[in-house]
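One point on numbering: in the numbering used here, the residue at position 50 of the sequence shown is 342, and numbering is uninterrupted.
Below is one structure, written out as structure tokens; comments come after it.
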Amino acid sequence: MEMKKNLFSKIGLSLAMLAVGGMAQAGVITGWDMSNVTVTPGPYTEYVTYPSYLFTDTAKTEYHGVI
């Protein structure tokens with residue numbers, strides 16, 4: 293009897309997770325102020341990463357980091 297109860301609770305949990313997972317939505321980026329960012333110019337090669345520097349201001353003298 294305990295095994296049956298455990299099975300039903302696992303099935304119920306799985307169904308609940310599927311229902312909630314369908315409600316999740318990803319954010320959409322609609323714009324990006326590029327005035328303080330320098331992007332490596334192309335052409336680009338697949339599976340190769342290129343740095344984009346995030347500067348502290350639009351003068352682009354000091355940077356915070358790289359994406």
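Where is the CB? At the ideal position from N, CA and C, for every residue including glycine.
The structure presented is a predicted model; accordingly, all values stated were derived computationally and were not measured.
Check whether residue i and residue j have beta carbons under 7 Å apart
i    : j    : result
I321 : S344 : no
Y355 : F347 : yes
Y339 : T332 : no
When the options are compared against residue i, the one with the closest alpha-carbon
i    : options             : result
V329 : T341, T353 and G304 : T353
D325 : D349, L305 and G319 : D349
My parser needs the beta strand (DSSP E) runs of 3 or more residues fully inside the segment 299-351; what are they? Taking 3 residues as the minimum length, the beta strand (DSSP E) runs contained wholly in the segment 299-351 are 329-331 and 344-347, in order along the chain.
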